[in-house]
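Residue numbers (my numbering): 170 to 495.
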Amino acid sequence: MPAEWEPHERCWMAWPCRVDFWGDNLAATQRTFADVANAIGEFEPVTMLSPPGETENVRKLCSDKVTVLPVRLDDSWTRDSGPNFVKNAAGDLAASIFHFNAWGKKHEPWHNDAALGHRLAEYLGIPTFSSPVFMEGGGINVDGQGTLLTTEQCVLNDNRNPGLTKEEAGQIFRDALGVEKILWMPGDPDDTETDGHVDGIACFVEPGKVLVETCPATGTERYDNMQANLQAITGESDAQGRDLEVVVIEEAYEADRRSDIFASSYINFYIANGAIVMPGFGIDRDQEARDQLAALFPDREIVQINIADIAVGGGGIHCITQQQPL
């Protein structure tokens, strides 16, 4: 499975449409999705999947650099419901697809999103490989050189894979994604929506270097929980035998938490061709986080978008995007 910083053919997104989930915030959420799509579209092609009845609204809000593709959807999290794109040694593209049950049966219906990976693979004319686990793309992160990050809270959760062991899960990831070494972190007990997806906790920023999110509120339970993830990865090595360099970034702890599942993660960014499209929350800490990512990705333009109207739904920019590698 290629790393996210490798060149992309395009970015896939899906239009938010679950009215009973987004409620009165739906229109604002849709506008912010369009802002993200338009920003990414300045650097690489974007295809926005849209319920057939919403295509006119999508085209109205998105720029001409965003292609609209009608498809049946339940909601908008393509990182989780879309395919994991993988390549073989010859560079041929395929789709590795997890089973999807709406993050442990939290939302109904989910049948359209469960079928999305196969539908996109069929649309692209590429082969598919199905994994036996219930899982989401936001629950994994890879370095493109054989190492995978994930969390126990998500993968081993009884609402997805009851009875699954770490050893069994590790072998499934090796078979499905071509990785060699799995690095486990505990998770995030406060993330009750995705059950501790790793894309709100840690990610590779280059081979041998991991960015880990921490909480600035020392003395709190959340501080301790995030420190446990940091401790789990500190001192580890990757699949190539390199000692990992661990860099920390503090979450947007001061953001106005407009829901119980509000996602205050700066680490939930998208690596586009030549750019980083990252979350902002309208707080002073935004600039500090932006400066940190600029230092980590000196050859990429940093674009920061206020995503409060997405974060209210429990996710960020990484959650609503899925890169298709060249």
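Every residue gets a Cβ at the ideal spot worked out from N, C-alpha and C, and that includes glycine.
For residue i, the three-state DSSP class (helix, strand or coil)
i      : result
GLN409 : coil
GLN492 : strand
THR361 : coil
HIS276 : coil
GLU173 : coil
GLY347 : coil
TYR292 : helix
HIS287 : helix
LYS234 : coil
PHE202 : helix
PHE254 : strand
ALA441 : strand
PHE466 : coil
ASP221 : Note that residue 221 is Pro in the sequence shown, not Asp. The answer is helix: DSSP assigns PRO221 an H, G or I state.
HIS487 : helix
PHE267 : strand
ASN310 : strand
LEU195 : helix
ASN475 : strand
Endpoints, beta strand (DSSP E) assigned at residue i
i      : result
SER245 : Careful: SER245 lies outside any beta strand (DSSP E) and carries neither H nor E.
THR371 : Correcting the residue identity first, residue 371 is Ala in this sequence and not Thr. Looking at the DSSP string, the run of the beta strand (DSSP E) that includes ALA371 is 371 to 375.
PHE190 : PHE190 -> not in any beta strand (DSSP E); alpha helix (DSSP H) instead, spanning 188 to 191.
GLY449 : 444 to 449
LEU318 : 316 to 320
GLU382 : 378 to 383
GLU414 : 414 to 419
THR297 : 297 to 303
ILE430 : Unbroken run through ILE430: none, as it is neither H nor E.
Spatial neighbours of residue i in its chain, beta-carbon cut-off 7 Å, leaving aside the 5 residues before and after
i      : result
VAL417 : VAL381, THR383, LEU399
ALA421 : SER433, TYR435, PHE450, ILE452, ARG454
PRO385 : GLU419, TYR422
PRO296 : ALA263
GLU496 : One cannot answer for residue 496 here, as it falls past the ends of the chain, which runs 170 to 495.
GLN493 : HIS177, GLU178, ARG179, TRP181, PHE254
ARG469 : GLY443, ALA444, ILE445
ASN326 : GLY273, ASP364
ARG391 : ASP359, CYS384
Cβ separation of residue i and residue j, assumed to be a contact under 8 Å, to the nearest whole Å
i      : j      : result
GLY369 : SER434 : 4 Å
SER232 : LEU346 : That pair is no contact at about 33 Å.
PRO214 : LEU495 : In fact, because the Cβ distance is near 11 Å, the residues do not count as touching under 8 Å.
GLY483 : ASN437 : Contact doesn't hold; Cβ gap of about 11 Å is too wide.
THR201 : ILE479 : 5 Å
GLN322 : ASP357 : 7 Å
ASN310 : LEU318 : 4 Å
Other residues of its chain near residue i: CB distance less than 6 Å, five sequence neighbours each side excluded
i      : result
VAL144 : Beyond the ends of the chain as shown, which are 170 and 495, falls residue 144; an answer cannot be given.
ILE440 : GLU173, TRP174
ALA463 : ILE471
VAL235 : ALA206, GLY210, VAL215, MET217
GLN491 : TRP181, THR247, ARG248, GLY251
TRP272 : THR363
ARG187 : ASP244
PHE212 : ALA441, ASN442, GLY443, ALA444
ALA424 : SER433, PHE450, ILE452
ALA397 : PRO355
VAL324 : ALA338
ASN270 : PHE303
VAL227 : TRP184, MET217, SER219, VAL237
For residue i, the first and last residue of its enclosing alpha helix (DSSP H)
i      : result
TRP181 : Here TRP181 belongs to no alpha helix (DSSP H); instead the beta strand (DSSP E) covers 177 to 183.
GLY395 : According to the sequence as given, residue 395 is Met; it is not Gly. Where MET395 is concerned, the enclosing alpha helix (DSSP H) stretches over 390 to 402.
GLY483 : That residue, GLY483, is in no alpha helix (DSSP H); it is neither H nor E in DSSP.
Cβ shell of residue i (< 8 Å), same chain only, five flanking positions each side left out
i      : result
ARG288 : VAL240
PHE298 : VAL255, ALA263, ALA264, SER265, ILE266, ALA345
HIS280 : ASP243
HIS268 : ALA283, SER299, SER300, PRO301, VAL302, PHE303, MET304
THR224 : VAL237, PRO239
ALA408 : ASP312, GLN314, GLY315, THR316, VAL348, GLU349, LYS350
ARG459 : MET447, GLY449, ILE471, GLN473
GLY339 : ILE351
Residue-chain proximity (residue i, chain C), Cβ-Cβ < 8 Å
i      : result
ALA432 : This model lacks chain C altogether, as it is built from one protein chain only.
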